[in-house]
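Protein sequences appear in the order of chains A and B. Convert by adding 924 to the 1-based position in the first sequence; the result is the number in my numbering. Convert by adding 924 to the 1-based position in the second sequence; the result is the number in my numbering. Some notes on the structure that comes next.
Number of protein chains: 2
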Amino acid sequence: MRFFVPFDARDPKTRLDSILDDDERREFARAMLADVLAAVRGADHEPTVLATGPTEVDAPVIVDDRPLTPAVDDAFADSDRPVGLVVADCPLATPAAVDRLVAVDAAVTLAPGLGGGTNAIVARTDEFRVDFHGVSIRDHRDRARAAGVDAATVDSFRLALDVDEPADLAEVLLHGEGTAARWLREAGVDLAVTDGRVEPTRRGETGE
Amino acid sequence: MRFFVPFDARDPKTRLDSILDDDERREFARAMLADVLAAVRGADHEPTVLATGPTEVDAPVIVDDRPLTPAVDDAFADSDRPVGLVVADCPLATPAAVDRLVAVDAAVTLAPGLGGGTNAIVARTDEFRVDFHGVSIRDHRDRARAAGVDAATVDSFRLALDVDEPADLAEVLLHGEGTAARWLREAGVDLAVTDGRVEPTRRGETGE
């Protein structure tokens, strides 16, 4: 099945700027993208990067600088069913998690992201339109209901974790096995235990 | 199988004090406990509440005021194998999620919690000891390795979400179907969409 992987080619992951500078955030975003592409391919599907600007990557790329919602709707409209999507900032994705997403037997399968987002979709119907504004998991459920199609949810922590904020990096360090986790370690990002949940911290240098 | 459900009967969920007062936090903690007990029972297992103090609840209760690690170790030691655990502040737990935890064929199965915690365990061996200090998911993996037993992980968002911070309430409102979600709605806690992830907010009153 074809899987679109939306990718911000311009100024990705600005909310990580307390830990990573501009160039690093671009590099790290590419590392996360590589992990998502590997997860999709590992599950025997074909990823296409849906990028906001020119992107050199070892996969087919469609450049569409419109907001995510019309870009994905048009990409889906031009594709056979079933068709899938995994966001590019989901570096804990594994082939097994993608398999579980695809295995759900529903017209639309959604993987919720932390904080109300939608991190992955499989659509088996033409009737479904995406909506990535606001609380998209709620909006996607509403849209499926309005279209009269059943929407199911896959229960996956690996697909729920999209990286937006520094705290999310701790999850990548704890549970990641791919390019993004390796990139963070090499950049000197490490875990610090606070009184609550673990947080990322950064050494001045990576050496020693 | 017997499932222990550790429960703080004294001053639960202090980090929610910006949204809920003392009595409310106690009520809400009880609502979350009810959801976890229902999930364990719905999966045909027998929950026992492992409480830090006297707790009136419709389930067997063991009172142990020691820290979580020795309390759980002793409760496990007194139980047949396999034996399980789900923390009480995990209100998105469902019978299906507990089924998936139990279905993993490993000496020890762990459900990671957000921020490095461990929210659920199934142990099929006597050789495993728990460690709830610090980054417990990492410590539990290390302990399994040190004991020479295999530790697997279940990929579940529903088991990963333990409620510690106000932002976690948004997940309960978005994905909860049980007592805790209902309690929050009746208490007037609702979703607010910020520029990033969705956050909980609270109306002055629930009525008109």
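Think of the CB as a built atom: it goes at the ideal place given N, C-alpha and C, for glycine as much as any other residue.
From the options, pick the residue whose C-alpha is nearest to that of residue i; which is it?
i: A:Ser1060; options: B:Ala958, B:Phe1081, B:Ser942, B:Val1117; result: B:Val1117
i: A:Asp968; options: A:Pro978, A:Ala1076, A:Leu1025, A:His1064; result: A:Leu1025
i: B:Glu948; options: B:Asp959, B:Ala958, B:Pro936; result: B:Pro936
i: A:Asp1074; options: A:Asp1092, A:Pro1090, A:Phe1052; result: A:Phe1052
i: B:Gly1072; options: B:Gly977, B:Phe928, B:Leu1083, B:Asp1050; result: B:Asp1050
i: B:Pro1019; options: B:Ile943, B:Gly1102, B:Thr1125, B:Gly966; result: B:Gly966
i: A:Ala1035; options: A:Asp946, A:Ala1084, A:Arg1005; result: A:Ala1084
i: B:Phe1000; options: B:Gly1102, B:Ile1045, B:Glu1089; result: B:Ile1045
i: B:Asp941; options: B:Glu1110, B:Asp997, B:Pro1090; result: B:Pro1090
i: A:Gly1058; options: A:Asp945, A:Val981, A:Arg1005, A:Pro991; result: A:Pro991
Starting from residue i, follow the alpha helix (DSSP H) in both directions and report where the run begins and ends.
i: B:Phe1056; result: Element bounds for B:Phe1056: n/a, residue is neither H nor E.
i: A:Thr1103; result: 1103-1110
i: A:Ala1091; result: 1090-1099
i: A:Thr993; result: 992-1001
i: A:Ala1026; result: The identity of residue 1026 of chain A in the sequence shown is Val, whereas the question assumes Ala. Its alpha helix (DSSP H) spans residues 1019-1027.
i: B:Arg1082; result: 1081-1084
In chain order, what residues of the same chain lie with their CB nearer than 8 Å to the CB of residue i, ignoring the 5 residues before and after it?
i: B:Leu1098; result: Leu1115, Val1122
i: B:Asp1079; result: none
i: B:Trp1107; result: Glu951, Phe952, Ala955
i: B:Val929; result: Leu957, Val960, Leu961, Val964, Pro971, Thr972, Val973, Leu974, Ala983, Leu1009, Val1010, Val1011, Ala1012
i: B:Glu1129; result: With a pLDDT of only 43 at B:Glu1129, under 50, the local geometry of the prediction cannot be trusted, and the value read off the model is given with reservation. Once the five neighbours on either side are set aside, the close Cβ partners of B:Glu1129 are Gly1112.
i: A:Asp997; result: Arg1053, Val1054
The beta strand (DSSP E) that contains residue i, what's its start and end?
i: B:Thr972; result: 970-975
i: A:Lys1115; result: Note that residue 1115 of chain A is Leu in the sequence shown here, rather than Lys. Taken as a continuous stretch (DSSP letters only), the beta strand (DSSP E) holding A:Leu1115 covers 1113-1117.
i: A:Gly966; result: Looking at the DSSP string, A:Gly966 is not in any beta strand (DSSP E); the run it does join, the alpha helix (DSSP H), is 946-966.
i: B:Ala889; result: This structure cannot settle anything about residue 889 of chain B, because the visible part of chain B is limited to 925 through 1132.
Can you name, in chain order, every residue of its own chain whose Cβ lies under 6 Å from the Cβ of residue i, other than the five neighbours on each side?
i: B:Ala1076; result: Val1028, Ala1030, Thr1033
i: A:Ala975; result: Phe931, Ala933, Val985, Val987
i: A:Arg1126; result: Ile943, Gly1112, Val1113
i: B:Val1007; result: Arg926, Phe1000, Ala1047
i: B:Pro1124; result: Pro1090, Leu1093, Ala1094, Val1113
i: A:Asp1088; result: Arg939
i: B:Gly1102; result: Asp959
i: A:Asn1043; result: Val1011, Cys1014, Ala1035, Gly1037, Leu1083, Asp1086
Only counting the same chain, and skipping five residues up and downstream in sequence, which positions put a Cβ closer than 7 Å to that of residue i?
i: A:Arg950; result: Pro936
i: B:Asp1055; result: Thr993, Asp1063, His1064, Arg1067
i: B:Glu1132; result: Bear in mind that the predicted position of B:Glu1132 carries a pLDDT of just 35, short of 50, making it unreliable; the figure below should be weighed with that in mind. Answer for B:Glu1132: no residue qualifies.
i: A:Asp989; result: Thr976, Gly977
i: A:Gly1100; result: Pro1015, Leu1016
Throw me the rounded Cβ distance for the residue i and residue j pair, which I believe falls under 8 Å.
i: B:Asp1222; j: B:Gly1041; result: Since the first residue of chain B shown is 925 and the last is 1132, residue 1222 of chain B is not available in this structure.
i: B:Ala1104; j: B:Pro1015; result: 4 Å
i: A:Arg939; j: A:Ala1017; result: Not confirmed; about 20 Å, so no contact.
i: B:Ala1094; j: A:Gly1039; result: 7 Å
Which residues in chain C sit within 8 Å of residue i, going by Cβ to Cβ distance?
i: A:Val1059; result: Among the protein chains in the structure shown, which are A and B, there is no chain C.
Chain-ordered residues of the segment 1084-1102 of chain A with a beta carbon less than 9 Å from chain B: Ala1084, Leu1085, Asp1088, Glu1089, Ala1091, Ala1094, Glu1095, Leu1098, His1099
Interface positions of the segment 1034-1054 of chain A facing chain B (Cβ-Cβ less than 9 Å), listed along the chain: Ala1035, Pro1036, Gly1037, Leu1038, Gly1039, Gly1040, Gly1041
Between the segment 1103-1115 of chain A and chain B, which residues of the former have CB atoms less than 7 Å from a CB of the latter, in chain order? Leu1115
Relative to chain A, which residues along the segment 1067-1085 of chain B have a C-beta separation below 9 Å, given in chain order? Thr1077, Val1078, Asp1079, Ser1080, Phe1081, Arg1082, Leu1083, Ala1084, Leu1085
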